[in-house]
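To start, the structure itself, in C-alpha cells.
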Amino acid sequence: MKIASIVGARPQFIKASPVSRALQHAGHHEVIVHTGQHYDAQMSDVFFTEMGIARPDHFLEIGSGSHAEQTGRMMVAVEHTLLAERPDCAIVYGDTNTTLAAALAAVKLGVRLAHVEAGLRSFNRTMPEEHNRVLTDHCSDLLFCPTQTAVANLAREGIRLDVHLVGDVMYDAVLHFAERARAQSRVLSTVGVQPREYMLATVHRAYNTDDPVVLQRLLGALEAIGIPVIFPLHPRTRARLATVSNGIEPKHVRLVDPVGYLDMLALEQHAKVILTDSGGVQKEAFFFEVPCVTLRPETEWVETVSSGWNVLAGSDPDAIVAAARRAARPAAAPPPVFGDGKAAHRIAALLS
Ligand code: UD1
Ligand code: UDP
48 MKIASIVGAR PQFIKASPVS RALQHAGHHE VIVHTGQHYD AQMSDVFFTE
98 MGIARPDHFL EIGSGSHAEQ TGRMMVAVEH TLLAERPDCA IVYGDTNTTL
148 AAALAAVKLG VRLAHVEAGL RSFNRTMPEE HNRVLTDHCS DLLFCPTQTA
198 VANLAREGIR LDVHLVGDVM YDAVLHFAER ARAQSRVLST VGVQPREYML
248 ATVHRAYNTD DPVVLQRLLG ALEAIGIPVI FPLHPRTRAR LATVSNGIEP
298 KHVRLVDPVG YLDMLALEQH AKVILTDSGG VQKEAFFFEV PCVTLRPETE
348 WVETVSSGWN VLAGSDPDAI VAAARRAARP AAAPPPVFGD GKAAHRIAAL
398 LS
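Heads up: the sequence shown begins at 48 in the numbering used here, then just goes up one per residue.
So, in C-alpha cells, the structure goes:
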C-alpha cells in the first residue's frame with residue numbers, strides 16, 4: 048500500500064520515526080511529505096539524521112506565517128503533492144497546523160486519512176492546537192489513540208467507529224533511543240552539569256511566549272528556583288525573550304539552542320525535575336520517572352497528573368517555584384498507560 052506521511056514540526060518527526068520503521072517492516076511504500084513548518088537545522092534536519100528517518104520525498108518549504116497563511120499555503124501544496132502521488136492513505140500526527148492542513152487537503156481529495164495521537168483534548172479552546180485536534184479527529188477515517196482517555200474523549204464527541212487504542216508512538220521512540228542517548232550524548236558535560244543537580248525547562252506555547260509579562264514571570268520563576276536550569280530555547284521563545292530580558296543575564300538559567308533528540312533524552316533522564324509546557328516533554332518526564340512541573344493550567348496528558356508524576360503550576364511564579372522545590376518521585380512507579388512500546392507496529396498492522 049502507498050502511504051503518505053505528512054509531517055512538518057519537531058514533534059511530528061519524532062512521532063513519525065517509529066511509524067516509518069514499522070511501515071517499512073510491514074512492506075508498505077511510504078512517501079514522506081515535509082511541509083517545512085519547522086525549517087531550522089536544529090528543529091528539523093537533526094531529527095531525520097539522528098533517528099534515521101528517510102529524506103522527505105517532497106519538501107514543501109511553507110515556513111512561518113499567521114495561522115491562516117501557513118495553513119492555507121500548506122493545504123494548496125499538500126493537495127498538489129497528493130494529486131501527484133495518489134496514495135492509498137495519508138497519515139497525520141498530533142495537533143499542529145501541518146496536521147490540520149494535511150487532513151483537510153487529503154479528505155477533500157477522497158484520500159483515506161489516519162490520525163496518530165487522536166482523541167487528545169485540553170478543553171481549552173484558546174489553544175490553536177485544540178482546534179487542530181478536534182477538526183482533524185472529526186474528518187479522520189482511522190483514529191489511533193495513545194490512551195484510554197483519548198478513546199473516551201472521542202466517544203463523548205460521537206466518534207466510535209474505527210477508533211483504535213494502540214499506545215503512544217512517543218513511548219516507542221523513547222524505548223528505541225534512550226539507550227543510545229545514554230551511550231552517545233555528551234550534553235551534560237557540554238553544558239557543565241552533573242546528573243540530578245539541575246532542572247530542565249522548555250517553553251514554547253503561544254500563551255506563555257506571546258505576552259511579554261507572562262514570559263518574564265516564567266523566566267523569573269525558573270531563576271528563583273535557585274539551582275541550574277538548562278533551558279533549550281525554541282526559536283519562537285528566543286525571539287520573544289530578546290524583547291523581555293532587558294539585557295539582564297540570568298545566573299541559574301542557562302539559555303541554550305534547541306538540542307537534538309538524543310541530547311534531549313539525555314538531559315531528561317538525568318534531570319532532577321523537568322519544567323515544561325510541551326506535551327511531548329511531559330510524557331518523556333513520565334517515561335523516565337522524573338517529576339514534572341507543567342507550566343500550563345491544564346494538560347491533555349491527564350494520567351501523568353493523576354499518577355502524581357506531574358503537577359500543573361500554570362504561569363504563576365510562586366506556584367512554579369514551590370512545585371519545583373517540592374517535586375519528589377512518588378512512591379509508585381508510573382502506571383503503564385501509554386502502551387507497551389509497540390504502538391507503531393499496531394498502526395502498521397491496522398493500516399494493512
Ligand atoms: C508549533 C505548533 C505547536 C507545537 C510546536 C512544536 C501550531 C499552531 N503550533 O508551534 O502545536 O507544539 O510547533 O515545537 O502548529 N521558527 C523559527 N524556525 C523554525 C520554526 C519556527 O525561527 O524552524 C519561529 C518563527 O518565527 C515562527 C515561530 O517560530 O513564526 C513559531 O513557529 P510555528 O511553527 O508557527 O509555531 P510553534 O510555536 O513552533
Ligand atoms: N525536543 C528536542 N529538543 C529540544 C526540545 C524538545 O529534541 O530542544 C523534543 C522532545 O524530547 C520531545 C519533542 O521534542 O520529543 C517535543 O516537541 P515540542 O516540545 O516542540 O512540541 P509538543 O510536544 O509540545 O507538541
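Just so you know, even glycine gets a beta-carbon here, dropped at the ideal spot from N, CA and C. Source: prediction; values computed, not measured.
- Message: Quick check on the burial criterion: 16 or more other C-beta atoms within 10 angstroms. Buried or exposed for residue 260?
- Response: exposed
- Task: Please check the pair residue 148 and residue 186, which I expect to be a contact at CB under 8 Å, by giving their CB distance rounded to whole angstroms.
- Result: Not a contact, Cβ separation roughly 12 Å.
- Tell me, please, which residues DSSP counts as bridged to residue 211. For residue 211, which the question treats as bridged, DSSP gives the partners 191.
- When burial is assigned at 16 or more other CB atoms within 10 Å of the CB, is residue 382 buried or exposed? exposed
- Query: Taking the alpha carbon of residue 92 as the point to measure from, which residue in 50, 207 and 59 has its own alpha carbon closest?
  - Reply: 59
- Message: Taking 6 Å as the cut-off, is the beta-carbon of residue 86 closer than that to any non-hydrogen atom of ligand 1?
- Response: At least one heavy atom of ligand 1 is nearer than 6 Å to the Cβ of residue 86, so yes.
- Query: Is residue 56 near ligand 1, judged by its Cβ being under 6 Å from some heavy atom?
  - Reply: yes
- Message: Just to confirm the assignment: which complete alpha helix (DSSP H) runs, minimum length 4, are found wholly within the segment 284-366?
- Response: Complete alpha helix (DSSP H) runs here, min 4: 308-317, 326-334 and 349-353.
- Name, in chain order, the residues that DSSP records as bridge partners for residue 159. As computed with DSSP, residue 159 is found in a beta bridge with 136.
- Message: Quick check: what's the CA-CA separation for residue 144 versus residue 371?
- Response: 32 Å
- Query: Between the C-alpha atoms of residue 244 and residue 68, what's the straight-line distance to the nearest angstrom?
  - Reply: 36 Å
- Scan the segment 81-137 and note each continuous alpha helix (DSSP H) run of 4 residues or more that stays entirely inside, going in chain order. 92-98 and 114-132
- Which same chain residues, not among the five before or five after residue 272, have their C-beta less than 6 Å away from its C-beta? 368 and 371
- Message: What does the alpha-carbon distance come out to for the pair residue 316 and residue 269?
- Response: Approximately 19 Å, taken between the alpha carbons.
- Query: Expressed to the nearest angstrom, what Euclidean distance is found between the alpha-carbon atoms of residue 374 and residue 255?
  - Reply: 22 Å
- Task: Return the CA-CA distance between residue 138 and residue 128, expressed in angstroms with no decimal places.
- Result: The alpha-carbon atoms of residue 138 and residue 128 are separated by roughly 14 Å.
- Between the C-alpha atoms of residue 267 and residue 364, what's the straight-line distance to the nearest angstrom? Going from the Cα of residue 267 to the Cα of residue 364 covers about 7 Å.
- Please report how far the alpha carbon of residue 159 lies from the alpha carbon of residue 205, in whole angstroms. 20 Å
- Query: Which partner residues does residue 169 have in the DSSP bridge list?
  - Reply: The partner list for residue 169 (beta bridge, DSSP) is empty, contrary to what the question assumes.
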